[in-house]
Structures are given as C-alpha cells and as structure tokens.
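Shown next, in structure tokens, is the structure this report addresses.
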Amino acid sequence: MAAARNPRNPRRRGAILAAVAPFLTFADYLRLRLVDRAWRLYCRRVGHAPPPFPWLMLPERESPPAAGAGAVARRVFYDVPGGRSYGYQVPSRDMHRCVATGHGWVVMVAVDAPRRVLLLNPITGEQRIMAWPFAKWNPRFHAVLTSSPADEAGCFLVVVADRLLAFCRPGGDFQGWETLRAPGFRYHAALSDVVSVGATVFLVDERRRLWRADLAEENPKVQRRDTGFALPSQELRRHYLVESLGHVLLVLSDERHNRVALYKLNWDARAWLPIAACPGERVLLLGRGCSAAVPSSSAAGRAPGTVLFAHQPSTLPDVDGAGRGKAWFWSESRVGAAPGDLLVLKKTVPHRHGEFPADGDSFWFFPAVDPDENAR
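Per this note's numbering, residue 10 is the first one in the sequence shown, and the count goes up by one each step.
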C-alpha cells in the first residue's frame, strides 16, 4: 500500500524490500537486481549482491536415450569462486548453439533452417529473435554483444565473417541488419577474434592484423591497421582479444596453455606492444565470444595475471583428445608462463560420470553486470 501511494519513495521501498528479503533465494535476488535499481542498492547494503566474478555456463547435460530431443534444457551455471551451481532454462543444443555471451545475455544461432540469431537472458527469460544477417549460411563467424539490450540506443549485436561485418540494434524494435566490408579479414577458429570497447568493435586475424569500426558513428566505416609482428614462439597458435579498462589486449597461447604472452594495442602507432602484466591487476577469463578481465579481488585468491581458459573443443579442439576421461570445463595458467614454469590445471566441477559430454563447450557468463557498480 505504501508503494502504491508513492512507489518512488526510497524509504518506503526499502522497508518493503527488507520485509521480503528473508523469503527470497539467491536467484530471486539476482533476477530483481537486473531490473530494479532500488533493489540493487538495497542488495549491496545487506550484502546479498551476487559475486562480481562471472559464472561459467557448462555444456548441456547428456540426455538419456529414451528422453529424445527437447526444445529447452536446464543448463548449469557454475560460480567458480563460490563453488555453487545454478540452473536456468536455455534452448537445447538440438535447436540452437551458443556462440557468445555478454552483459547477462547469451547469443545463440539456430542449428537448422530457418537460420536465425537468438538473444536470451536466462535469468529473466527475456528473448530477442533476429534473422541471419547474411544471404548465405556460413558456420565460420564470430559474434559479440557490445552492451545489454536494455540499452536500446547503445547496444549492438555484431556478427563477423570472412570480409564482412554485420550489426544491428537488438534493444528496441528490430530494424534489420547493416553490413560493412572488412577487406582482407579471414575467419580462423583459433587465430582470429573480435572484441568490443563500448560501441567500437575490433577484429584480429591470424597474422595479428587489426580492423576497427565505431558503430555509434552516423556512417560507420571499417579501418584497417597492419599490426602484424613475428611470433616469439611458433607454438603460440591461439589468439584471444579482451578489453581491460578501455585497453584492447591480445593474448597468445599455445594449445595446452603452458605458454601465455600478452600484448596491448597502440592503434596510432600501428603496433601490439608486449606487456608483462594486465593493466589494473586483472584476472583474464578467455574463450571464444566470452572473454573478459575482472579484478583479482573477486577471483577467490587468484593472483593478478592469472588466466582462465574456457574449454571449447568444438572450435578449439583439445589436443589431448576429447572424449577420453572425465569432462573438464576450464584450465588455469598465467601471463608470462613458459613451459616448465607451472602445471596447467584442467578444472572440473562435482558431477556424475557421463553427466556432461567431454566435447561440449563452456562459456563465461556475466550475471553481475551492473551500471551502478561500474560507475563507482
């Protein structure tokens, strides 16, 4: 009744939130926190805010043979520092496959015709559906979401294929795709990648050349820089782009993540500059379509420069052989690591034998993106 008389009165709303708080689960806290600013502020005061460290979305569980294919599946989201699992409904791998995550949303693509792109918020169940951006289907592409679709003006969904960059605004009424040419860019499963810094998108190819497009401009164009350089080791056969405090970083790794090298982009100098540590004492979370840099203070004792690689054998095959032994979901190394310096650990979570496929992909998922926290 108090909220009905004056729903914007923060004192009255605070009293209501305090009254219902003991009866809510963690998922309830998270669901309300994503849509209501007053609830987010209250959650921080009482210490119920979700941890800032992203979850890991595990592969879809194996279905019993008698169950058959289903339209949706209950996907496990694992809180790495907290050691807890949460389950949310996500379209099944028989219908859609995940290609990227970001800002509390999952980007999925239909497995069969009609091809379409699906944006899903697993916490709230909200969806956005868009047609495939190109005239022909091509399974070789990268995708990135620049911000939450709740930001109707500033959110862009980007799909990058050979020599083409398509983008749209999924936040409001879908107005169709726009396509830009990226001459010379070629997709490579292990050696090309895409990242966004605000509304600006960066692409890198196997030769470490760079393309950039500011999608917020009235007439965006793709710029190219020849930033190629000789590899310090021919073993560094995996490339990842990640943004950290406004900087674009390039991470090079060998196939087993025994050796990790880090570079920072200097766009004006047309160069990747080698650096020994991640700016801002960050921990790096790397994976196709889901890379991020997070504060080490939220990483449960992991030191700055630690690198966690999501296990994604469908695009980056496991050189030790998928399908043999127990399923694992991420590995841990560190910047500057060289062979013999450390033991790269393959991490798993408690589960029954055969519950998860050994060749399924995991993705970092970001439930705690909060504009109020980012502004502090």
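Heads up, the beta-carbon is just placed ideally off N, CA and C, and yes, glycines get one too.
Rounded to whole angstroms, the gap between the alpha carbons of A308 and L224 is 32 Å. Residues R172, L173 and V231 of the same chain have their beta carbon placed closer than 7 Å to that of R190, with the five preceding and five following residues left out of the count. In the three-state scheme derived from DSSP, where H, G and I count as helix and E and B as strand, S323 is classed as coil.
Under the three-state reduction of DSSP output, A82 falls in the strand class.
In the three-state reduction of the DSSP assignment, A346 falls in the coil class, being assigned neither a helical nor a strand state. Taking the C-beta atoms as reference points, D263 is found no nearer than 9 Å to P322.
Residue pairing by DSSP puts K273 in a beta bridge opposite L258 and L282.
As a beta-bridge residue in DSSP terms, H105 pairs with A119.
Here the segment 153-166 lies against the segment 176-195, with 3 or more beta-carbon pairs under 8 Å apart. By the criterion of a C-beta distance shorter than 8 Å, H362 is surrounded in its chain by K335, once the five residues flanking it on both sides are discounted. When the five nearest sequence neighbours on each side are left out, the beta carbons in the same chain lying within less than 6 Å of the beta carbon of A119 are those of H105 and R125, in order along the chain.
Restricting attention to K356, P288 and W186, the CA atom closest to the CA of V167 is found in W186.
Around the C-beta of A82, 16 or more other C-beta atoms lie within 10 Å, and the residue is accordingly described as buried. Beta-carbon to beta-carbon, V89 and L65 are separated by about 6 Å, close enough to satisfy the 8 Å threshold. Selection L282, W276 and V210 evaluated against A270 yields L282 as nearest (Cα-Cα). No Cβ-Cβ contact shorter than 9 Å links G314 with F372. The alpha-carbon of G193 is positioned some 23 Å away from that of V108. One thing to note: R279 has its Cβ no nearer than 9 Å to the Cβ of T209.
Note on geometry: alpha-carbon atoms of H112 and D182 lie some 19 Å from one another.
Around the beta carbon of A346, 16 or more other beta carbons sit within 10 angstroms, so the residue counts as buried. Beta bridge pairing from DSSP links L293 with A302 and V316.
Measuring C-alpha to C-alpha distances from H197 to each of N228, V213, G289 and H266 identifies V213 as the nearest. When the beta-carbon positions are compared, R221 and W276 come within less than 9 Å of each other. Secondary structure note for R190: its beta strand (DSSP E) is the uninterrupted segment E187 to R190. With a beta-carbon spacing of about 6 Å, R268 and S242 fall inside the 8 Å limit used to define contacts. Counted as a single uninterrupted DSSP element, the beta strand (DSSP E) harbouring Y97 occupies residues R93 to P100. With contacts defined by Cβ atoms closer than 9 Å, E71 and E364 form a contacting pair. Burial state of D202 is buried, judged by a 10 Å Cβ sphere holding 16 or more other Cβ atoms. By the CB criterion at 9 Å, V303 and S342 fall outside the cutoff. The closest CA to that of N228, considering only S300, F238, V204 and T188, is found on T188. Between F338 and P68, the gap from beta carbon to beta carbon is short of 9 Å. Secondary-structure assignment with DSSP links Y196 through no beta bridge to anything.
One Cα belongs to P366, the other to A80, and the distance between them is close to 18 Å. As DSSP reads the structure, R234 sits in a beta bridge with L219. Leaving aside the five residues that flank L325 on each side, the residues in its chain whose CB is nearer than 6 Å to its CB run, in chain order, A199.
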